[in-house]
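Residue numbers for the sequence shown follow the UniProt record's numbering, beginning at 1 and rising by one. Cβ atoms here follow ideal geometry from the backbone N, Cα and C, with glycine treated the same way. These figures come from a predicted structure and were not determined experimentally. For reference, the structure is listed below as structure tokens.
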Amino acid sequence: MPNLDLPILVVDDAKFSSMVVGRTLRNAGYRDIRIANNAPAALKLMEQRPVSVLIADWLMPEMDGLQLTDQVRQQDEQNNHYTYVILLTARESVEALSEAFDRGVDDFIYKSDMTKQLIPRIFAADRMADRQNTLLRANALLVENNRELESSNIIDLETGLTNNKYARQRLQKTLRHAESRGGSTAYVMCGIRNWQELKRKHPPSVMSELSIGIARRLSTLIRPIDALCRVGDNQFAIVSYFPNSDHCTTTAFRRIFDGINHKALKTTAGFISVEAGMALCKADAQDGTPTVQDLERAAVQGLVDAYETRRFTEITPEIREGV
């Protein structure tokens, strides 16, 4: 069944021609028909309310059918909409029609046979416009859903660990917990010092295996109460809480440092050794509570120092007054 509420716009500077088209459409039962006498007026009407089918004369003053089609396609792109464009023409040369198709025209109706061709072409236009606009709406919905998922996602898809977003959330909670209960917050960064060198030697598939292997190794080495997150391509973070500040030292994480550096990881390219640098950024509640950003900044600096010295370094974040 045809959609008799299909929004149609007829554009023709010749009033007689537009009247014939409008009358033919109304006689077929179509109810939502608007008529414009020139292309600029048509564009204004379409800005007010989009249409599914545009029927326009090819030859018009000010702006011809092809120029109008160019403008319509720009509007469609901005509005995430598709308008099916039909041109009325007396030109039947292959070159002219080829040019029109290249400019985005969907179909033609020859003026010499307009009354016979119009309604069947409108049926086809209705199906095509509805299909295209349904796809555009579905795609827009998928894009929006993906944005929402990305904004709420806390999982690193490659390794299955939590990501940097979760690390910051967990770090914030741990800092607040230490602030109310006492003790220390530990933020340990583990970075693979020779990562770029390994990337030059191995394909992405092997590097992915290596990332997963490192994640698994770290998961077996941390305490069950600690949070392990992947915060960068070759960087991992551990968020821990120590009720007794004296226990929050590099010694508490030494098994992790040794476990990554002293035992190669198995991949399809064979066993690969990594050179891990580690830095412990410790925040004692009795000294004040740093911001998450200050703690992260200090940890990164500590990791740089660890790369240079090849030692497990410890650093204290700056506590800024008034924060």
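Query	Result
Going by beta-carbon coordinates alone, are lysine 295 and phenylalanine 253 separated by less than 8 Å?	Residue 295 is actually leucine in this sequence, not lysine. In this structure, phenylalanine 253 does not lie closer than 8 Å to leucine 295 by Cβ.
Buried or exposed: where does proline 317 fall if 16 or more other Cβ atoms within 10 Å of its Cβ makes it buried?	buried
Relative to the alpha-carbon of asparagine 3, which residue among Glu62, Ala124, Arg103, Thr249 has its alpha-carbon at the smallest distance?	Ala124
Per the DSSP calculation, phenylalanine 242 is bridged to which residue(s)?	Ser184
Residues in the same chain with beta-carbon distance under 7 Å from asparagine 79, minus the five sequence neighbours each way, listed in chain order, please.	Pro50
Given that a residue counts as buried once 16 or more other Cβ atoms are within 10 Å of its Cβ, and exposed if not, what is glutamate 144?	exposed
Would you call the CB atoms of valine 85 and aspartate 106 closer than 8 Å?	yes
Quick check on the DSSP output: the alpha helix (DSSP H) that includes alanine 39 runs from which residue to which?	39 to 48
Within 10 angstroms of its Cβ, does histidine 115 collect 16 or more other Cβ (buried), or is it exposed?	Going by the sequence as given, residue 115 is threonine instead of histidine. Its Cβ having fewer than 16 others within 10 Å, threonine 115 is exposed.
What separation, rounded to the nearest whole angstrom, lies between the Cα atoms of leucine 9 and arginine 168?	54 Å
From threonine 174 to threonine 251, what does the alpha carbon distance come to, in whole angstroms?	20 Å
Determine which residues share a DSSP beta bridge with glutamate 314 and list them.	Leu280
Roughly how many angstroms separate the alpha carbons of serine 205 and leucine 161, rounded to a whole number?	18 Å
Name the DSSP beta bridge partners of alanine 190, please?	Reading off the sequence shown, one finds cysteine at residue 190, where the question assumed alanine. Cysteine 190 is bridged to Phe236, Met278.
Indicate whether leucine 68 and alanine 41 have their beta-carbon atoms separated by less than 8 Å.	no
For serine 17, tell me which candidate among Ser112, Leu303, Asn133, Arg310 has the shortest Cα-Cα distance.	Ser112
Give a yes or no on whether 8 Å exceeds the smallest Cβ distance from isoleucine 86 to chain D.	Absent from the structure: chain D. Only one protein chain is present.
Quick one: Cα of leucine 210 to Cα of threonine 267, how far?	7 Å
Use the C-beta contact count for arginine 230: other C-beta atoms within 10 angstroms, 16 or more gives buried, fewer gives exposed.	buried
Restricting to Cα atoms, I'd like to know which of Trp58, Ala186, Lys263, Ala129 is closest to aspartate 13.	Trp58
Bridge partners of alanine 264, per DSSP?	For alanine 264, which the question treats as bridged, DSSP gives no partner whatsoever.
Which stretch, first to last residue, makes up the beta strand (DSSP E) that contains isoleucine 212?	Looking at the DSSP string, isoleucine 212 is not in any beta strand (DSSP E); the run it does join, the alpha helix (DSSP H), is 204 to 221.
Can you look up valine 105 in the DSSP assignment and give me helix, strand or coil?	coil
So, are the CB atoms of asparagine 194 and glutamate 275 less than 8 Å apart?	yes
Grab the span of the alpha helix (DSSP H) containing valine 72 for me, first residue to last.	65 to 79
Roughly how many whole angstroms lie between the Cα atoms of aspartate 287 and isoleucine 272?	42 Å
What are the boundary residues of the beta strand (DSSP E) that includes leucine 87?	84 to 89
Among the candidates Asp32, Gly65, Met1, whose CA atom is the shortest distance from the CA of valine 11?	Gly65
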